[in-house]
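Numbering (our numbering), first residue to last: 120 to 436. The C-beta atom is built at its ideal place from N, Cα and C for all residues, glycine as well. All of these numbers come straight from a predicted model, not from anything done at the bench. Scroll down for the structure; my scribbles are underneath it.
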């Protein structure tokens, strides 16, 4: 199986897994459930759960994490995609970027209205933590098969993973980056490179860091590797966002599945506007190489994960 075919198969399995954790579209509240499911089932590259799973697989080759198999990691794979999708739903709102297309189809607020889109985003965020907490049940169910002390260790890892997810999604992570991004709009050339990198590191990189770290934590990776993965995630996220800024200028709706030129429309300062297109492309290469160097320094390696990082930062859509 070549790399592309392997990726397609992995994403297909992730799609099925994510769908299995979504709310049922029933009851008086079903419109919100429908809007949540519309948002997350619109497709996408599923990069964050894919990175999380590949990192988990690197370390969970033996021991009690391996005995639980995917039952330990599965709730977090779904949870991180829910959090990522909620951020996109809110980012597309008229009060934010006011985008009409996402992943090749109408955005949630266009289909369901602004109020329901806000509720759908809130629903995805809260449902994400409900889903992540279901990992505890996987340990409870398997406790008769594993040592009680080891079961407590696994529960400790789950608790730590939930903390990482909350931190990287919250005010000191993605939400904090979004806050500075909103305040930076309309400032144009008054936005500094320091501010812009803060936005990229928090708004984009934090959730990628979370994916890599949680996979490693749940599988029992050494702390040195977890620290390296956090740094790798920072580099990947910044390079990914710079590439996104480039594609907003050079890409098209057909290629990207969303409107291009929105940064210019909203008068947002981007990496391209601050340093120019050619320097931005050179910096993508430099930063992505730093990410790959961190991955190469781990105690174990995953060739699929390394190639995924390369393709993320050199993508055309």
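Between residue i and the rest of its own chain, which residues show a CB-CB distance below 6 Å, the 5 nearest in sequence each way excluded?
i, result
"residue 126", "none"
"residue 140", "197, 250"
"residue 407", "358, 432"
"residue 329", "283, 284, 287"
What residue range is occupied by the uninterrupted alpha helix (DSSP H) comprising residue i?
i, result
"residue 140", "Note, residue 140: premise wrong, no alpha helix (DSSP H); not H, not E."
"residue 160", "Here residue 160 belongs to no alpha helix (DSSP H), and DSSP marks it neither H nor E."
"residue 175", "166-178"
"residue 324", "Element bounds for residue 324: n/a, residue is neither H nor E."
"residue 287", "267-288"
"residue 297", "293-303"
"residue 258", "254-261"
"residue 145", "Note, residue 145: premise wrong, no alpha helix (DSSP H); not H, not E."
Would residue i be called buried (16 or more neighbouring beta carbons within 10 Å of its own) or exposed?
i, result
"residue 159", "buried"
"residue 266", "exposed"
"residue 395", "exposed"
"residue 213", "exposed"
"residue 121", "exposed"
"residue 234", "exposed"
"residue 178", "buried"
"residue 165", "buried"
Would you verify that the beta carbon of residue i is, or is not, closer than 8 Å to some beta carbon of chain D?
i, result
"residue 250", "Here chain D cannot be found, since the structure has a single protein chain."
With distance defined between alpha-carbon atoms, name the residue in the options nearest to residue i.
i, options, result
"residue 224", "234, 211, 235, 276", "211"
"residue 287", "261, 320, 145", "320"
"residue 216", "355, 231, 297, 278", "297"
"residue 259", "248, 275, 362", "275"
"residue 390", "412, 415, 364, 421", "364"
"residue 417", "256, 167, 347", "347"
"residue 356", "309, 427, 256, 397", "427"
"residue 209", "393, 301, 412, 280", "301"
Enumerate in chain order the residues of its own chain whose CB-to-CB distance from residue i is below 8 Å, with the five nearest sequence positions on each side excluded.
i, result
"residue 375", "With a pLDDT of only 49 at residue 375, under the threshold of 50, the placement of this residue in the model should not be trusted, and no figure is reported."
"residue 207", "158, 221"
"residue 403", "358, 361, 362, 365, 432, 433"
Just to confirm my understanding: we take residue i, look at its own chain, exclude 5 residues before and 5 after, and list those with CB closer than 7 Å. What are they?
i, result
"residue 172", "192, 196, 334"
"residue 254", "191, 194, 195, 277"
Q. In the stretch 207-237, which residue ranges form an unbroken alpha helix (DSSP H) of at least 4 residues, counting only runs that do not cross its ends?
A. 227-231
Q) What are the complete alpha helix (DSSP H) segments, minimum 4 residues, inside the stretch 340-426? A) Inside the stretch 340-426, DSSP marks whole alpha helix (DSSP H) runs of 4 or more residues at positions 342-369, 372-375, 381-384, 390-394, 396-415, from first to last along the chain.
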